[in-house]
Structure formats: C-alpha cells, structure tokens
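Trainee: First residue of the sequence shown: 40, per this note's numbering; consecutive thereafter. Yeah, the Cβ is synthetic: ideal placement off N, Cα and C, and Gly gets one too. Once you've had a glance at the structure underneath, I'll fire off some questions.
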Amino acid sequence: MKAAYALINQDAIRHNIQKVREFAPNSKIMAVIKANAYGHGLLTISQALNQIDAVAVARLDEGKSLRKSGFSHRITILEGFVSQQELIDLAQNNLDVVVHSIEQVRIVEKYQGPEKLSVWLKINSGMNRLGINPLEFASIYKCLKACTHVVQPISLMTHLSSADSDENSVSIQQINRFKNLVDSYPGEKSIANSAALMTYQEALTDWVRPGIMIYGVSPFFEKDGIDFGLKPVMSLYSQLISVKKIAKGESVGYSGTWVSNADTQIGVVAIGYGDGYSRYTRSGAPVLVNGKRVSLIGRVSMDMITVDLGLQSKAKIGDKVTLWGDGLSVEEIARYSNTIPYTLLCGITQRVKMNKV
Ligand SMILES: *Cc1c(COP(=O)(O)O)cnc(C)c1O
Numbered sequence: 040m041k042a043a044y045a046l047i048n049q050d051a052i053r054h055n056i057q058k059v060r061e062f063a064p065n066s067k068i069m070a071v072i073k074a075n076a077y078g079h080g081l082l083t084i085s086q087a088l089n090q091i092d093a094v095a096v097a098r099l100d101e102g103k104s105l106r107k108s109g110f111s112h113r114i115t116i117l118e119g120f121v122s123q124q125e126l127i128d129l130a131q132n133n134l135d136v137v138v139h140s141i142e143q144v145r146i147v148e149k150y151q152g153p154e155k156l157s158v159w160l161k162i163n164s165g166m167n168r169l170g171i172n173p174l175e176f177a178s179i180y181k182c183l184k185a186c187t188h189v190v191q192p193i194s195l196m197t198h199l200s201s202a203d204s205d206e207n208s209v210s211i212q213q214i215n216r217f218k219n220l221v222d223s224y225p226g227e228k229s230i231a232n233s234a235a236l237m238t239y240q241e242a243l244t245d246w247v248r249p250g251i252m253i254y255g256v257s258p259f260f261e262k263d264g265i266d267f268g269l270k271p272v273m274s275l276y277s278q279l280i281s282v283k284k285i286a287k288g289e290s291v292g293y294s295g296t297w298v299s300n301a302d303t304q305i306g307v308v309a310i311g312y313g314d315g316y317s318r319y320t321r322s323g324a325p326v327l328v329n330g331k332r333v334s335l336i337g338r339v340s341m342d343m344i345t346v347d348l349g350l351q352s353k354a355k356i357g358d359k360v361t362l363w364g365d366g367l368s369v370e371e372i373a374r375y376s377n378t379i380p381y382t383l384l385c386g387i388t389q390r391v392k393m394n395k396v
C-alpha cells in the first residue's frame, strides 16, 4: 500500500455526464477540463470523455497537450490568446477559441494563416471579468462576420457570476441581457456552467459548459454532489503511519492548538499540505479510518495530519485512511476548510500518485 494516492473513477465520470444530459437533454456538452481537469489529471479525464461533444480548457498549452495525446474532439480555449503567434498556434492545433476583447478582434482581423478560425465571441453580461461590452457587440459581430478566415456563423457565449447563489435576480438579469442581445443572431449560444445548468431552464441553450459536476461535486456550498445523484470521481487515500496513546490534557501538533479532554489514542496519517490536504482544514473535520469517521485534530503539517482514534480503537499502522471521495464528500471537507471543493481538488500536488479505476 502507498501513502497519499488518489483513485480516479472513470465510470463515475460517464455517470455524471449522463446526469448532465438529464439536466440539459437538448444541449450539447462542452466538458470543462481546465487546470489539469480540476486536479484529476487532464489525460485520464479526457480518455473517459470519448463520447463528448467538446471540451474546454483555459490555456493554449492545455489544448496542445490534449492534441499531443491524440484527443481528436473539439477543444475550446476559454482565455483565448494575446498575440498573433498564439492565434496561429491555436489554429494549427485545431483549437476553437474564445474572443473576449476588442484587442483580440484586431488580432483575428490580421490573421493570415491557412487554417480557418472557429470562434466563440464572449459577451460581458455583468460579471465584468472577460467579455466584450454589449454596446460594442453589433459592430464587433460585423467585423468578425466580414472575416473570410473565420468559420461562420460565429458562436456566442457569456458566463454567469452568481449562478451558485440562492439570490437569483443577478443570474436572471445576466441571462436576459445576453439573450436580448444575441437572439436575432444566428450561431450557437452558450451560457451555463454547472450551477446554472442545474438551476435555470432559461440557461439551457445550444451548449452547456459543466465543470465541477462532471467530477461528481456540487457547485452549491451547502449541498453535496450525491444530493443530485452525482458520483465523486476522485477519492483521496493514505494510511496510518503511527498510533499512540496520549493522556488527558496533552496537546498535539504544531503550536499545541489541540488539547485532549480525555485519555485517547492518536493516529498519524501520511498526508499533509504537501500533498494538497489544506492547512486551513479545522480540527473536527471528518477523516475515515478503515471506513469509520474520526476527527482531524491539531494543525495540518506538510506531510502528516493527526486524528483522534478514541481509546477503544483497534486501528493500527498501515490501515487505510480516506480523506475525501468514496464515503466522505470533498464538499464537507471544504466546509471545514473555509474554501470551496474546487480549490481542494485543484490543489492536489505532484507527490500524490494518481491511479485509474
Ligand atoms: C470554469 C468554467 C466553467 C465551468 O464551471 P463549473 O462551475 O466548474 O461548472 C464554465 N464556463 C467557463 C467560462 C469557465 O471558466
């Protein structure tokens, strides 16, 4: 048995994609696999997506690695490009590209490569991160329509800032702003990330762009993926490397932040923030030892955490420990860590061995 390893369940990915299809039966799916597929391994995840309509990554280099691996489906580059050279590189690798600024439109106009460009024009409907100003949409659309080296009609997209929130007026406003602007234009439209496609019928246009939910994880802070019938794709495991008795009143770990209120047994698990187990996870967070819930205690170290096994525990060195995934949601761990599951998943480091199941 190895310390700190993750199992990536490819059946769970296929199951979750099927769930996406149930939420959005008339939409094509662009599975978002940026940031090393949310920490799950870009190539592992892409191999499980052989039935997908398209995938999206953030950066040119991510798209190129996928092409190098032989991935032949459509790939969209969400952050686009900043130079003519990058645009040529995109085209040569047969990557679809998001155009989100007037500067990028100028680069597209000057493009002279032999390959045609497949463009998603991104409109800022209120998030104010990427996207062109709605007031400039008509004129920019005209420019791109006049480009003979751009595949016509161009596709149109926007991104919602608050789809995971209970307060839905912001999302409704963004959806309406986008639809009013683009409805009379041809070309495919896309609005929804995971939270939006699970919440707003109005956001189910030609394409949906699920990320977190294909990994089986909920985009909503108070809910878990299993509440929606999703299955966790990543399970993170390690093992006990020490078990020791301590007396009531003794402290454990750096700065002695946790003090035992009874005689007990402490288990030391070979995982820490050097593996991507967050240092911000608080005492009391659940950990499974041989499938049984115990509590994290004291500070998370670089290579170790400590758990309170209880005086009666028969747990011993080498026993299996689950940090999240099968039987313990990463959403719950995120709630104990003042963060969202996205950061925990993306934070898994090189040291963690990744295996497919
Ligand atoms: C990351 C991203 C998504 C996926 O978001 P999830 O919340 O993971 O579903 C969709 N669209 C864009 C533009 C993104 O950047």
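Could you name the residues of the same chain whose beta carbon sits closer than 8 angstroms to that of Arg106, not counting the 5 residues immediately before and after it, in chain order?
Mentor: Taken in chain order, the residues that qualify are Ile114, Asn132, Asn133 and Leu134.
Trainee: To the nearest angstrom, how far is the alpha carbon of Ser204 from that of Ser281?
Mentor: Cα-Cα distance, rounded: 43 angstroms.
Trainee: Below 8 angstroms between beta carbons: does that hold for Arg216 and Pro173?
Mentor: Contact flag set, yes.
Trainee: Take Val138 as the anchor and find which of Leu117, Arg390 and Asp314 has the nearest alpha-carbon.
Mentor: When only C-alpha atoms are compared, the closest one is Leu117.
Trainee: By how many angstroms is the C-alpha of Val328 removed from the C-alpha of Ile372?
Mentor: Rounded to the nearest angstrom, the two C-alpha atoms are 15 angstroms apart.
Trainee: Could you tell me whether any non-hydrogen atom of ligand 1 is closer than 7 angstroms to the CB of Asn394?
Mentor: No; taking the cut-off as 7 angstroms, the Cβ of Asn394 has no heavy atom of ligand 1 nearer than that.
Trainee: Counting along the chain, where does the beta strand (DSSP E) carrying Ser281 start and finish?
Mentor: Unbroken beta strand (DSSP E) run through Ser281: Met273 to Ile285.
Trainee: Any chance the segment 271 to 280 sits against the segment 89 to 99, with 3 or more Cβ pairs inside 8 angstroms?
Mentor: Counting Cβ pairs under 8 angstroms, fewer than three are found: no touch.
Trainee: Which whole-angstrom value describes the C-beta separation of Ala231 and Tyr224, a residue pair presumed to lie in contact below a C-beta threshold of 8 angstroms?
Mentor: With 8 angstroms as the limit, Ala231 and Tyr224 do not qualify as a contact, their Cβ atoms being about 19 angstroms apart.
Trainee: Cβ atoms of Ala70 and Ile253: under 8 angstroms apart, would you say?
Mentor: Taking 8 angstroms as the Cβ cut-off, Ile253 and Ala70 qualify as a contacting pair.
Trainee: According to DSSP, what are the bridge partners of Met196?
Mentor: Note: Met196 sits in a beta bridge opposite Lys161 and Ser229.
Trainee: For Ala202 and Leu367, what's the separation of their Cα atoms in angstroms?
Mentor: Near 25 angstroms, if we compare the C-alpha coordinates of Leu367 and Ala202.
Trainee: Just to confirm my understanding: we take Cys186, look at its own chain, exclude 5 residues before and 5 after, and list those with CB closer than 7 angstroms. What are they?
Mentor: These residues qualify, in order along the chain: Val147 and Glu148.
Trainee: Any heavy atom of ligand 1 closer than 7 angstroms to the Cβ of Leu383?
Mentor: Result no, Cβ not under 7 angstroms from ligand 1.
Trainee: Give the DSSP-derived three-state secondary structure of Gly264 in the structure shown.
Mentor: Note: Gly264 maps to helix in three-state DSSP.
Trainee: Using 8 angstroms as the cut-off, can you tell me whether the segment 334 to 345 makes contact with the segment 257 to 269, which would need three or more C-beta pairs spanning the two stretches below that distance?
Mentor: Short answer: they don't touch.
Trainee: Would you say the segment 301 to 311 touches the segment 53 to 70, given that touching needs at least three Cβ pairs under 8 angstroms?
Mentor: Short answer: they don't touch.
Trainee: Across the segment 313 to 331 and the segment 377 to 384, are there enough close Cβ pairs to call them in contact, namely three or more that are closer than 8 angstroms?
Mentor: The segment 313 to 331, when compared against the segment 377 to 384, does touch it at the 8 angstroms Cβ threshold.
Trainee: Taking the alpha carbon of Gly349 as the reference point, which residue from Gly152, Ser299, Ser322 and Met237 has its own alpha carbon closest?
Mentor: Closest option to Gly349, Cα to Cα, is Ser299.
Trainee: Give the range of the alpha helix (DSSP H) segment to which Ser334 is assigned.
Mentor: No alpha helix (DSSP H) contains Ser334, which is instead part of the beta strand (DSSP E) from Lys331 to Ile336.
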